[in-house]
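Numbering-wise (my numbering), the sequence shown opens with residue 153 and increments by one. We treat Cβ as the ideally placed atom computed from N, Cα and C, and that holds for glycine. The model shown is predicted, which means the values in this text are computed figures rather than measured ones.
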Amino acid sequence: MFDKLLRGALTLVLACASVVATASPYTSITVFGDSLSDGGNAYTYTQAIFGPDNGFPPAPYAQRFSNGPVAVERLAANLGLPLTPSLLGGSNYAIGGAETGWANYLRLNANPFIAAAFSGSNTGVLAQVAAFTSSHNPDPSGLVVLWAGPNDLFSALASAGDPVTAMSLALANLQLAAQRLYLDGARTILMPNMPNIGLTPFGLASGAMAQLTAISAGFNAGLHLLAGALGGADPGLNIVEFDTFGLFDSVINSPASYGFSNVTQPCFDGLSVCANPDSYLFWDSVHPTARAHQFIGDRFTTAVPEPATTALMVLALIGLYASRRRQA
């Protein structure tokens, strides 16, 4: 009799698991970052300044710093969660050019109109987090994405600053951002590391590939230590790391294995677009194509933890069954 009841219970649990598997393990997604995660904030922000259809970046960019949806949009879609730009009322606060503090690297843009638009804009990651937490409390059951750092490096390079110092300050800013989010209620934060800037088209053309690679790797080593420290110091905080650097290196070293044929040149060189963007890893000198973003977003989805409720129920029932069998 007990065996029949157990089999029935297991059937019910597994049936529930099939339903749960189609639903998101999270109740929301909130994103803070730069152009790698910007789903339209920079375009919306500049359109308000320059007028309709005059947002930055312009076509052939897809109102993002790529030719289509970015990785966090793919992640949200995979999780079945809505994600729209914060300037349109959504929960994606990332904006192109954002540094980890308050400033925006686009204030140094060669176009004086773009530079003026972002000068003093307070759109860096700490500013994004402050804007969010001033009117919201992070959802403890939600997923937060915190992904930034490259613009601090670009800003240091453009202003003859010290890249190592800039990266140290960037890590301190990300620590502040994560702690603020935790104190306000966030419990799961995905923190991808920095791509290998030395192997981007920008890095390859810079004449400083080795130095940029070393700086990227150094930042990532610091981010790994930071993630461990945050997770150890804050009870209940789950920092999910993601090795963007390693993923890009794998694709660049074996492009055909990942469906790419060109991993060294930009699809869009500022004048013309390549014939097949899906075969390119890079859309421009530093940003991935929509195809690459899709690829990254799918791996983000694999990286974020799933709830263990169903698994624990199954294990409990198996343990109960084993106990009853021993008593029989």
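Closest by C-alpha distance to residue i, when choosing among the options
i, options, result
"M343", "L389, M361 and S176", "L389"
"D430", "S218, L188 and A200", "S218"
"A300", "S189, A267 and G398", "S189"
"L298", "L326, G272 and A283", "L326"
"S238", "D401, T196, S293 and S271", "T196"
"A200", "G249, F270, A262 and L309", "F270"
"S437", "R451, H288 and A357", "A357"
Burial state of residue i, where buried means 16 or more other Cβ atoms lie within 10 Å
i, result
"L423", "exposed"
"L464", "Legend: pLDDT at L464 = 36, less than 50; position of this residue unreliable, value from coordinates given subsequently. So L464 ends up on the exposed side."
"G241", "exposed"
"D314", "exposed"
"P204", "exposed"
"A223", "buried"
"P290", "buried"
Backbone secondary structure at residue i - three-state DSSP
i, result
"A250", "strand"
"L235", "coil"
"M343", "strand"
"L188", "coil"
"T441", "coil"
"P212", "coil"
"Y178", "coil"
"L260", "helix"
Nearest-angstrom Cα separation, counted from residue j out to residue i
i, j, result
"E225", "A362", "32 Å"
"L481", "F371", "Here the chain comprises residues numbered 153 to 480, so residue 481 is not present and cannot be evaluated."
"A214", "G220", "5 Å"
"A194", "A322", "21 Å"
"V171", "L295", "The pLDDT assigned to V171 is 37, lower than 50, so where the model puts this residue is not dependable; a value taken from the coordinates is nonetheless given after this. Approximately 20 Å, taken between the alpha carbons."
"L399", "P264", "36 Å"
"V403", "S409", "8 Å"
"D421", "P234", "32 Å"
"F397", "A369", "8 Å"
"V392", "L382", "11 Å"
"G253", "L328", "9 Å"
"L162", "P177", "Residue confidence is low: L162 scores 42 on pLDDT, short of 50, so the model does not pin down where it sits. Its coordinate-derived value is still stated next. Cα-Cα distance, rounded: 21 Å."
"A173", "N230", "Here the model assigns A173 a pLDDT of 42, short of 50, so the residue's position is not dependable, and the following value carries that caveat. Cα to Cα, the separation comes out at about 11 Å."
"W435", "F306", "18 Å"
"R259", "T275", "11 Å"
The ligand GTP heavy atom lying under 8 Å from the CB of residue i
i, result
"I349", "Looking at this structure, you won't find the ligand GTP or any other ligand, since it has none at all."
> Are three or more beta carbon pairs between the region 238 to 249 and the region 177 to 196 nearer than 8 Å?
Replying inline: yes
>> If contact is defined by three or more beta carbon pairs under 8 Å, each pair taking one atom from either stretch, is the region 422 to 437 in contact with the region 189 to 208?
In response: no
> Would you call the region 337 to 354 and the region 402 to 422 in contact, with 3 or more CB pairs under 8 Å?
Replying inline: yes
>> When you compare the region 330 to 338 with the region 437 to 447, are there three or more beta-carbon pairs, one atom per stretch, that lie closer than 8 Å?
In response: no
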